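See structure below.
4 protein chains.
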Amino acid sequence: MKIALINENSQAAKNGIIHDALTTVVEPLGHDVHNYGMYSADDDAQVTYPMVGLLTGILLNSGAADFVVTGCGTGSGSMLAANAMPGVFCGLIVDPTDAFLFAQINDGNAIAMPYAKGFGWAAELNLQDCYRKLFEGESGVGYPKERAAIMKKNRGVLAELKAKTCHDMLTVLKSVDQELLKSAIAGEKFADLFYANSKDDAINDYLRSL
Amino acid sequence: MKIALINENSQAAKNGIIHDALTTVVEPLGHDVHNYGMYSADDDAQVTYPMVGLLTGILLNSGAADFVVTGCGTGSGSMLAANAMPGVFCGLIVDPTDAFLFAQINDGNAIAMPYAKGFGWAAELNLQDCYRKLFEGESGVGYPKERAAIMKKNRGVLAELKAKTCHDMLTVLKSVDQELLKSAIAGEKFADLFYANSKDDAINDYLRSL
Amino acid sequence: MKIALINENSQAAKNGIIHDALTTVVEPLGHDVHNYGMYSADDDAQVTYPMVGLLTGILLNSGAADFVVTGCGTGSGSMLAANAMPGVFCGLIVDPTDAFLFAQINDGNAIAMPYAKGFGWAAELNLQDCYRKLFEGESGVGYPKERAAIMKKNRGVLAELKAKTCHDMLTVLKSVDQELLKSAIAGEKFADLFYANSKDDAINDYLRSL
Amino acid sequence: MKIALINENSQAAKNGIIHDALTTVVEPLGHDVHNYGMYSADDDAQVTYPMVGLLTGILLNSGAADFVVTGCGTGSGSMLAANAMPGVFCGLIVDPTDAFLFAQINDGNAIAMPYAKGFGWAAELNLQDCYRKLFEGESGVGYPKERAAIMKKNRGVLAELKAKTCHDMLTVLKSVDQELLKSAIAGEKFADLFYANSKDDAINDYLRSL
Numbered sequence: 004m005k006i007a008l009i010n011e012n013s014q015a016a017k018n019g020i021i022h023d024a025l026t027t028v029v030e031p032l033g034h035d036v037h038n039y040g041m042y043s044a045d046d047d048a049q050v051t052y053p054m055v056g057l058l059t060g061i062l063l064n065s066g067a068a069d070f071v072v073t074g075c076g077t078g079s080g081s082m083l084a085a086n087a088m089p090g091v092f093c094g095l096i097v098d099p100t101d102a103f104l105f106a107q108i109n110d111g112n113a114i115a116m117p118y119a120k121g122f123g124w125a126a127e128l129n130l131q132d133c134y135r136k137l138f139e140g141e142s143g144v145g146y147p148k149e150r151a152a153i154m155k156k157n158r159g160v161l162a163e164l165k166a167k168t169c170h171d172m173l174t175v176l177k178s179v180d181q182e183l184l185k186s187a188i189a190g191e192k193f194a195d196l197f198y199a200n201s202k203d204d205a206i207n208d209y210l211r212s213l
Numbered sequence: 004m005k006i007a008l009i010n011e012n013s014q015a016a017k018n019g020i021i022h023d024a025l026t027t028v029v030e031p032l033g034h035d036v037h038n039y040g041m042y043s044a045d046d047d048a049q050v051t052y053p054m055v056g057l058l059t060g061i062l063l064n065s066g067a068a069d070f071v072v073t074g075c076g077t078g079s080g081s082m083l084a085a086n087a088m089p090g091v092f093c094g095l096i097v098d099p100t101d102a103f104l105f106a107q108i109n110d111g112n113a114i115a116m117p118y119a120k121g122f123g124w125a126a127e128l129n130l131q132d133c134y135r136k137l138f139e140g141e142s143g144v145g146y147p148k149e150r151a152a153i154m155k156k157n158r159g160v161l162a163e164l165k166a167k168t169c170h171d172m173l174t175v176l177k178s179v180d181q182e183l184l185k186s187a188i189a190g191e192k193f194a195d196l197f198y199a200n201s202k203d204d205a206i207n208d209y210l211r212s213l
Numbered sequence: 004m005k006i007a008l009i010n011e012n013s014q015a016a017k018n019g020i021i022h023d024a025l026t027t028v029v030e031p032l033g034h035d036v037h038n039y040g041m042y043s044a045d046d047d048a049q050v051t052y053p054m055v056g057l058l059t060g061i062l063l064n065s066g067a068a069d070f071v072v073t074g075c076g077t078g079s080g081s082m083l084a085a086n087a088m089p090g091v092f093c094g095l096i097v098d099p100t101d102a103f104l105f106a107q108i109n110d111g112n113a114i115a116m117p118y119a120k121g122f123g124w125a126a127e128l129n130l131q132d133c134y135r136k137l138f139e140g141e142s143g144v145g146y147p148k149e150r151a152a153i154m155k156k157n158r159g160v161l162a163e164l165k166a167k168t169c170h171d172m173l174t175v176l177k178s179v180d181q182e183l184l185k186s187a188i189a190g191e192k193f194a195d196l197f198y199a200n201s202k203d204d205a206i207n208d209y210l211r212s213l
Numbered sequence: 004m005k006i007a008l009i010n011e012n013s014q015a016a017k018n019g020i021i022h023d024a025l026t027t028v029v030e031p032l033g034h035d036v037h038n039y040g041m042y043s044a045d046d047d048a049q050v051t052y053p054m055v056g057l058l059t060g061i062l063l064n065s066g067a068a069d070f071v072v073t074g075c076g077t078g079s080g081s082m083l084a085a086n087a088m089p090g091v092f093c094g095l096i097v098d099p100t101d102a103f104l105f106a107q108i109n110d111g112n113a114i115a116m117p118y119a120k121g122f123g124w125a126a127e128l129n130l131q132d133c134y135r136k137l138f139e140g141e142s143g144v145g146y147p148k149e150r151a152a153i154m155k156k157n158r159g160v161l162a163e164l165k166a167k168t169c170h171d172m173l174t175v176l177k178s179v180d181q182e183l184l185k186s187a188i189a190g191e192k193f194a195d196l197f198y199a200n201s202k203d204d205a206i207n208d209y210l211r212s213l
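Chains as they are written, first to last, in the working numbering: chain S, 4 to 213; chain Y, 4 to 213; chain E, 4 to 213; chain C, 4 to 213.
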């Protein structure tokens, strides 16, 4: 699985801690981590949480990433922004049981976590435990398993519902504030990571045209 | 403020506990609670979490409610469904500090809480404390207050972004699965509560036509 | 390691859930679980949390158990009672990071957990995760490991301090309310489990004399 | 009520934050805060968590304080040390519901909180909420109130039990490592705060003789 890590500006200084925790857990499981940044508080490209949402939408709808790990101070801003996008189902995860249940019941494609609120000493341990619950096994098998069918059905209904409420991603890209969009993809490694992995020519062409 | 309470089927049996906690806190503050249900596990009208999302979108976009309090087993399903709707900014709240920060930083118009995961003995105390943080004072003033301006700016950017990603609510109502929509508004008190409070004739007319 | 499970009366009905979670995790690691009970809410032998403390003291000071897993509604009563005993260092554990840090930093010989407060749906998952952190590896190696020496030193100072504040266990047994003591060891499996594992003849003799 | 604040060396730098949160809440309620320190990481008098326990025992058994607020990185070390002392019943508090339930059910005379684990941005809000639950009303009235009598009975049994397991405080003071004891009372404001408030001449005399 291609897992994209996206950090916004308020917690950019923690990108190293988060990236370490994520790779420590998921690389041995055979997943790749694409660190879209930010990388430090004073990066040239400043990514705010609305831009996180936009970037999450781009990565998931283009197939450049299979899953997005994001967050912000409380996790709420980046979660709201990600969930504003078509085809994005972003959980807010605080502890390992949240992570497990989100994976098994909701089977979403993104999570946001708080990287400031509640993020104290040894928080890297909780990150690792949450990532392990998300990525170590098959998702969407339900918990308890007897309820797998109804859980799957509800996910399908939600996905259909959201397909009706949102415009498709290419339309979104064309209609949103173009300066915001440019900023969302201005990260120093965006081009290298994205175009090598995206499977959507129309999105690629549009972003290259900017 | 008109606060709508929406419970889905998996936690319907707790509607009484949640309604009591909510009214205990917010009525003395001068707010009204509209209990859209479900009211018990065996209500005729079974509301699933995708329906919760749809109903949340209807209530907020029509002005029938100023704020929606919802949730489900983990809170995630109802949060995802609510955030799939235009104009809805739904936080996932676990503790009072979450509630305070969501109100002050994100200034959303809906919250989802977990009513099964972590919901043990004395959980009604935590509900009350969360509601108090959300509804006792002015929201959106920032925390810390020195960062109020940047927080407000980001909220504005997110609201504009979401306005571009989503269809308007009336379009949504017309395009979603009409059986799902009928089920979402089939609660026994929906008609009484909604039409008396909605400020949007087009939404009213469309829903009445179903 | 011999791990004793002790449940008091208010949460006795959950003994099965807790015992399952504990054995699921620790038996594959090579540890034994001795379920001292209670086993259900209507057991003949009703164990209150002060009795839990006394029983914990007996098991750990006699060597009948190497570690005690206990708890109550909030965990606080059983934790206070256990820590009132000589030679008992009982943590209050809520989440897996608590469990890990307690094992590595404090290296205690007992934990209490809340089995009512915060104990909702899927709580068995958190129990398992906590037990895994406690019992899967070597304890007392410090976190971070660079601070292992100072952490070990402080544990030693605390152990010496507590050796001065408390009477020895045999003295305690002789001086406490003898009816309370009899009730603490009245569980239906106490005699079978205890006398087969205790390494302290004086304690055995005294308890047999009651 | 006289509330003593005791911070140990690992979290000494947070004494200001904790003291501010505590005074903000309890002074308007009519309580006094005695800040025994530490005050900063580089204080001359370095207080470790075993010393916190000893100091807690001194303050509560002498009547110099009615309640002790302490803690350490995870809260566990200071909690264990405090509970090793005669007459001390120290809870480990993480959230406001913990605080409320500890006050109402256990009615202890000390709390420890984690000041590093889970202590992130806006943690001062949680401190204030916890302190409010502890100190704003009458303690020991039970929750739910119907169970007040049985809760009170268990507290009494625990207090009697602990009275049998521990030596009295003066005996403790005479038997513990005298260098540890001197360090525990070496804080720069100890003498001013303690001798003005202690009600126990024998403890005063012994400490003055050191």
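Glycine included, every Cβ here is placed at the ideal spot set by N, Cα and C. Remember, it's a predicted structure, so these values are computed and weren't measured experimentally.
Practice problem: Report buried or exposed for residue 212 of chain E, applying the criterion of at least 16 other Cβ atoms within 10 angstroms of its Cβ. | Solution: Result: exposed.
Quiz item: Which one or two residues does DSSP pair with residue 111 of chain E in a beta bridge?
Solution: DSSP lists no partner for residue 111 of chain E.
Quiz item: Grouping DSSP H, G and I as helix and E and B as strand, with all else coil, what is residue 168 of chain S?
Solution: It is helical.
Quiz item: Going by the beta-carbon positions, is the gap between residue 42 of chain S and residue 24 of chain S smaller than 8 Å?
Solution: Not in contact: residue 42 of chain S and residue 24 of chain S (Cβ atoms no closer than 8 Å).
Practice problem: Output yes if chain S places a C-beta closer than 8 Å to the C-beta of residue 120 of chain C; else output no. | Solution: Look at residue 120 of chain C: its C-beta is under 8 Å from a C-beta on chain S.
Practice problem: For the alpha helix (DSSP H) containing residue 64 of chain S, list its first residue and its last residue. | Solution: Run containing residue 64 of chain S: 52-65, per the alpha helix (DSSP H) assignment.
Quiz item: Can you tell me where the alpha helix (DSSP H) with residue 121 of chain E in it begins and where it stops?
Solution: Per DSSP, residue 121 of chain E is not a residue of any alpha helix (DSSP H), being assigned neither H nor E.
Practice problem: May I ask you to list, following chain order, the residues of the region 128-144 of chain S that have a beta carbon less than 7 Å from some beta carbon of chain E? | Solution: For the region 128-144 of chain S, the set of residues with a beta-carbon nearer than 7 Å to any beta-carbon of chain E comprises 128, 129, 132, in chain order.
Practice problem: Hey, could you find the ends of the beta strand (DSSP E) residue 36 of chain S is sitting in? | Solution: Secondary structure note for residue 36 of chain S: its beta strand (DSSP E) is the uninterrupted segment 35-40.
Exercise. Under 8 Å Cβ to Cβ from residue 6 of chain Y, same chain only, skipping five residues before and after it: list those, please.
Key: Once the five neighbours on either side are set aside, the close Cβ partners of residue 6 of chain Y are 25, 29, 34, 35, 36, 37, 68, 69, 70, 71, 72, 138.
Quiz item: How many Å lie between residue 193 of chain C and residue 39 of chain C at the Cα?
Solution: One alpha carbon belongs to residue 193 of chain C, the other to residue 39 of chain C, and they sit about 6 Å apart.
Exercise. Would you please verify whether the beta carbon of residue 194 of chain S is less than 8 Å from any beta carbon of chain E?
Key: By the rule that beta-carbons nearer than 8 Å mark a contact, residue 194 of chain S does not touch chain E.
Exercise. Verify the CB distance criterion: does residue 103 of chain E have a CB-CB separation below 8 Å to chain S?
Key: So, interface residue.
Quiz prompt | Interface positions of the region 70-81 of chain C facing chain S (Cβ-Cβ less than 9 Å), listed along the chain | solution = Listed by position along the chain: 76, 77.
Exercise. Could you round the C-beta distance between residue 115 of chain C and residue 81 of chain C to whole angstroms and report it? I think they count as a contact, below 8 Å.
Key: With a Cβ gap of about 4 Å, residue 115 of chain C and residue 81 of chain C count as contacting.
Practice problem: Helix, strand or coil for residue 70 of chain E, going by three-state DSSP, please let me know. | Solution: Judged by DSSP in its simplified three-state form, residue 70 of chain E adopts strand.
Quiz item: Can you tell me the Cα-Cα spacing of residue 170 of chain S and residue 177 of chain Y, whole angstroms?
Solution: Computed Cα separation, rounded: 15 Å.
Quiz item: Using DSSP with H/G/I as helix, E/B as strand and the rest coil, what is residue 1 of chain S?
Solution: The requested residue 1 of chain S does not occur in the structure, where chain S is confined to residues 4 to 213.
Quiz prompt | Candidates Y:89, Y:87, Y:117, Y:109: closest to residue 96 of chain S by CA position | solution = Comparing Cα positions, the closest option is Y:117.
Quiz item: Going by the CB atoms, is the gap between residue 168 of chain E and residue 53 of chain C shorter than 8 Å?
Solution: Not a contact, by the Cβ cut-off of 8 Å.
Quiz item: Buried or exposed: which applies to residue 165 of chain S, given that a residue is buried once 16 or more other Cβ atoms fall within 10 Å of its Cβ?
Solution: Counting the other Cβ atoms within 10 Å of the Cβ of residue 165 of chain S gives 16 or more, which makes it buried.
Quiz prompt | Extent of the continuous beta strand (DSSP E) to which residue 190 of chain C belongs | solution = Where residue 190 of chain C is concerned, there is no enclosing beta strand (DSSP E), given that its DSSP letter is neither H nor E.
Quiz item: Could you give the C-beta distance for residue 21 of chain C and residue 8 of chain C, rounded to a whole number, given that I count them as a contact under 8 Å?
Solution: That pair is a contact at about 7 Å.
Quiz prompt | Proximal residues to residue 202 of chain S (C-beta, below 6 Å), its chain only, five neighbours per side dropped | solution = Cβ-Cβ distances below 6 Å link residue 202 of chain S to 66 in the same chain, with the five nearest sequence neighbours on each side left out; the list follows chain order.
Self-check item: residue 123 of chain S: contacting residues in chain C (beta-carbon distance under 7 Å)
Solution: What residue 123 of chain S touches in chain C: 119, 120, 121, 122, 123.
Exercise. Determine, using beta carbons only, whether residue 51 of chain C comes closer than 8 Å to chain Y.
Key: Chain Y, which has no Cβ nearer than 8 Å to the Cβ of residue 51 of chain C, makes this no.
Quiz item: From residue 92 of chain Y to residue 200 of chain Y, what does the alpha carbon distance come to, in whole angstroms?
Solution: Taken atom to atom, the span from the alpha-carbon of residue 92 of chain Y to that of residue 200 of chain Y is near 21 Å.
Quiz prompt | Three-state secondary structure (DSSP) of residue 76 of chain C | solution = Here residue 76 of chain C sits in coil by DSSP.
Quiz prompt | When E:61, E:119, E:163 are compared against residue 113 of chain E, the one with the closest alpha-carbon | solution = Residue E:61 is the option with its Cα nearest to residue 113 of chain E.
Quiz item: Cα-Cα, which of C:162, C:100, C:153 is closest to residue 132 of chain Y?
Solution: Selected option, being the one with the closest Cα: C:100.
Quiz item: residue 95 of chain Y by DSSP, collapsed to three states: which one?
Solution: Of the three classes helix, strand and coil, the one that applies to residue 95 of chain Y here is strand, per DSSP.
Exercise. Taking a Cβ distance cut-off of 8 Å, strictly less, list which residues of the region 149-175 of chain Y are near chain S, in chain order.
Key: Only 157, 160, 161, 163, 164, 165, 167, 168, 169, 170, 175 from the region 149-175 of chain Y bring a Cβ to less than 8 Å from some Cβ of chain S.
Quiz item: When we look at the beta-carbon of residue 4 of chain S and count the other beta-carbons within 10 Å, is it buried (16 or more) or exposed?
Solution: Exposed, by the Cβ-count rule.
Quiz item: Do you know how far the Cα of residue 156 of chain E is from the Cα of residue 77 of chain Y?
Solution: About 42 Å.
Quiz item: Looking at the C-beta of residue 19 of chain C, does it have a partner C-beta in chain E at a distance below 8 Å?
Solution: By the rule that beta-carbons nearer than 8 Å mark a contact, residue 19 of chain C does not touch chain E.
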